[in-house]
Amino acid sequence: MLLVQMVLASIIGSIVYTIIGVAPGTDETAVLAPITLAIVLMGVHPAVILSFFIAAIVAKKLTDSIPVAVAGIPGGVMAAPMVEHAVVLKSHGKADLSMRKMASGSVIGTLISVPASLFLANALIPLAPVIKNYANQLFFIGAIFLALMAREKFISLVSIIPFALLIQGLRHLYWGVGAVPEGKVVFVSFFLGITIGPMIISILELTVSNTRKNLLRSGYKKISIREDKTLKGLPNPFRILDMPEIITSAIGSIIGTITFFMSPVGMTIFLGETLSSQVKDPIKRASRAISCMDALTNATYISGTLIPLIALGVPLSPMAIGPANPLFNAPPRFSLENNLHHILQNGGYVMPVIIGAAVALLITYPITIKYSTQICRFVFMKISHEALLGIFFGLVMMLAYMDAGFINIWGVLLVAITAGILNRWGVNYGVQFMTLYAAGWITKFVVF
Numbered sequence: 001m002l003l004v005q006m007v008l009a010s011i012i013g014s015i016v017y018t019i020i021g022v023a024p025g026t027d028e029t030a031v032l033a034p035i036t037l038a039i040v041l042m043g044v045h046p047a048v049i050l051s052f053f054i055a056a057i058v059a060k061k062l063t064d065s066i067p068v069a070v071a072g073i074p075g076g077v078m079a080a081p082m083v084e085h086a087v088v089l090k091s092h093g094k095a096d097l098s099m100r101k102m103a104s105g106s107v108i109g110t111l112i113s114v115p116a117s118l119f120l121a122n123a124l125i126p127l128a129p130v131i132k133n134y135a136n137q138l139f140f141i142g143a144i145f146l147a148l149m150a151r152e153k154f155i156s157l158v159s160i161i162p163f164a165l166l167i168q169g170l171r172h173l174y175w176g177v178g179a180v181p182e183g184k185v186v187f188v189s190f191f192l193g194i195t196i197g198p199m200i201i202s203i204l205e206l207t208v209s210n211t212r213k214n215l216l217r218s219g220y221k222k223i224s225i226r227e228d229k230t231l232k233g234l235p236n237p238f239r240i241l242d243m244p245e246i247i248t249s250a251i252g253s254i255i256g257t258i259t260f261f262m263s264p265v266g267m268t269i270f271l272g273e274t275l276s277s278q279v280k281d282p283i284k285r286a287s288r289a290i291s292c293m294d295a296l297t298n299a300t301y302i303s304g305t306l307i308p309l310i311a312l313g314v315p316l317s318p319m320a321i322g323p324a325n326p327l328f329n330a331p332p333r334f335s336l337e338n339n340l341h342h343i344l345q346n347g348g349y350v351m352p353v354i355i356g357a358a359v360a361l362l363i364t365y366p367i368t369i370k371y372s373t374q375i376c377r378f379v380f381m382k383i384s385h386e387a388l389l390g391i392f393f394g395l396v397m398m399l400a401y402m403d404a405g406f407i408n409i410w411g412v413l414l415v416a417i418t419a420g421i422l423n424r425w426g427v428n429y430g431v432q433f434m435t436l437y438a439a440g441w442i443t444k445f446v447v448f
């Protein structure tokens, strides 16, 4: 019965995120974390949750290449580095080739990162007790490290302590007015507030008259979708990619798995450009870059989820602390002392991961290769991007009320506005999430 549930959850996750992945500009954290959190709080079996999540991220990373290839619009944050190369192929009439190369690279990344992540996670298990004892310090160090890796280093560093004070100040306010029992740590809704921060700022800016007047107005954007040849039979990524592309995709996937704690976007840009820079022909260079980049993004997402989850039980990677966070910390059901790491012991995570990845590949990859143009046209014309974002925003507000009552809706809005402004200034999600985890320790041991 549990096996059937895992398969069904994987199918649902694959279908839902096949559609969401095509929608342009859907941030991975904002669309993955709220739904995963809702499923966790519904009381679904942990193995089923993990199958759903793995299927969701594999499907999402497979299909967010479609709008990049077809229309030059990223389907998500992680697809943004591929736009330049995809536009090169599109300008040469190779949009269908672009999409197939990216989707095939994504398959390579999944096939390599799943076993590599399981192996590396088991190798790191002996270090787990030491790491857990210093979790707060590691989160603080992680915030500093990610700030130093960011483009805007100074503001990223300066924002850590003020943002921690905001988080902890709201918690003490809730304790003081009796919104929650003293000692209960409000976490989930603040986490979701950070994820919707950029969206909230964009919406609120529309209410500011001077900002609204300065917005670029150019009418409806015209997007040309070219009809491509339908591929007959089952697609084979090892035939779609040539040998150099397979090798660079494999190298990128291995490196991405090992560097699971690094910024996925940064590693995607760095390795993608490095491994394709020697190719002179623009079409071949673009093809190699996008296949390698898509393999790498899948690898960093899978490894960034599985390695901290299996080996540590503490979210010590940008992926774990972002989209995958509900697998680690979703009060009242999951906490850092009791989450999937503790529940799925003795290899209990292997089957859910394999089922989730396999189902997503079997469903989403053939659909992506064969029907990308039709899917893209349907999503662009029939599914409102704003409606999707509205659903996630409404879900966040509902969870905020469940977390600490009506006052917390305003608290979450305050966190979202602050996080959105910081994000606009160059303070990335990783710095903000690490600060959220370490807020209590920072205010107790760093500030005072």
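Numbering-wise (UniProt numbering), the sequence shown opens with residue 1 and increments by one. Using N, Cα and C, we set each Cβ at its ideal position, and we do this for glycine too. Every value quoted in this text rests on a predicted model; they were computed, and no experiment measured them.
Expressed to the nearest angstrom, what Euclidean distance is found between the alpha-carbon atoms of I409 and A400?
6 Å
Opposing strand residues paired with S113 [DSSP bridges]
Partner(s): none; S113 has no beta bridge.
What residues in its chain sit with their C-beta under 6 Å from that of A404, if we drop five residues either side in the sequence?
Y174, A179, V180, V186
In angstroms, rounded to a whole number, what distance separates the CA positions of T211 and I421?
For T211 and I421, the distance between alpha carbons rounds to 15 Å.
In chain order, what are the residue ranges of uninterrupted alpha helix (DSSP H) at least 4 long that sit wholly in the segment 297-330?
318-321
Beta-carbon gap between A357 and G197 smaller than 7 Å
no
Are the beta-carbon atoms of T297 and M319 separated by less than 7 Å?
In terms of Cβ geometry, T297 and M319 do not form a close pair [threshold 7 Å].
Quick one: residues in its chain with C-beta nearer than 6 Å to the C-beta of G109, no 5 flanking neighbours on either side, listed in chain order?
Contacts found: S253, A295, N298, A299.
Ignore the nearest five residues each way along the sequence and tell me which others in I155's own chain have a CB closer than 8 Å to its CB.
L422, W425, G426, V427
Return helix, strand or coil for N339, following the three-state DSSP convention.
coil
How should A86 be labelled, buried or exposed, when 16 other C-beta atoms within 10 angstroms of its C-beta is the threshold for buried?
buried
When you compare only the Cα positions, how much space is there between K132 and L312?
7 Å
Cβ pair T36, P352 closer than 7 Å:
T36 places its beta carbon 7 Å or farther from that of P352.
In whole angstroms, what is the alpha-carbon distance linking G176 and Q168?
12 Å
What is the C-beta distance between G348 and A116, in whole angstroms, given that I count them as a contact (C-beta under 8 Å)?
Taking the Cβ atoms as the reference, G348 lies roughly 19 Å from A116, outside the contact range of under 8 Å.
Mind the definition here: the segment 432-445 touches the segment 51-70 only if three or more C-beta pairs lie below 8 Å; say whether that holds.
no
Around the C-beta of L127, are 16 or more other C-beta atoms found within 10 angstroms, so that it is buried, or is it exposed?
exposed
Judging by CA-CA distance, which residue of Q137, S51, I20, V40 is the nearest neighbour of L3?
S51
Out of I19, M1, S91, which has the shortest C-alpha to C-alpha gap to T364?
I19
According to DSSP, is F334 helix, strand or coil?
strand
CB contact flag (F261, S189, <7 Å):
Their beta carbons are not under 7 Å apart, which means F261 does not touch S189 by this criterion.
Considering only C-alpha positions, which residue in the set L89, L32, A150 is nearest to K61?
L32
Taking the alpha-carbon of V58 as reference, which of S303, K153, K444, A150 has the nearest alpha-carbon?
S303
Hey, T195 and T29: beta-carbon distance below 7 Å or not?
yes
Assign H341 to one of two classes, buried (16 or more other C-beta atoms within 10 Å of its C-beta) or exposed (fewer than that).
buried
Using three-state DSSP, classify H85 as helix, strand or coil.
The answer is helix: DSSP assigns H85 an H, G or I state.
To the nearest angstrom, report how far apart V279 and S104 are at their CA atoms.
V279 and S104: Cα-Cα distance of roughly 20 Å.
Given L395, which residues of its chain have a CB within under 6 Å of its CB, disregarding the five upstream and five downstream residues?
P34.
Do M243 and G272 have their C-beta atoms within less than 7 Å of each other?
no
Find out if the Cβ-Cβ distance for the pair M82, I269 is shorter than 7 Å.
no
Whole-angstrom Cβ separation of G430 and L146, contact assumed at under 8 Å?
4 Å
If distances are taken between C-alpha atoms only, which option among L192, H172, I125 comes closest to V415?
L192
Just to confirm, are I369 and R171 a CB contact at a threshold of 7 Å?
no
If you reduce the DSSP assignment to three classes, tell me which class Y134 lands in.
coil
Any Cβ of chain D within less than 7 Å of the Cβ of T297?
Protein chains in the displayed structure number just one, and chain D is not present.
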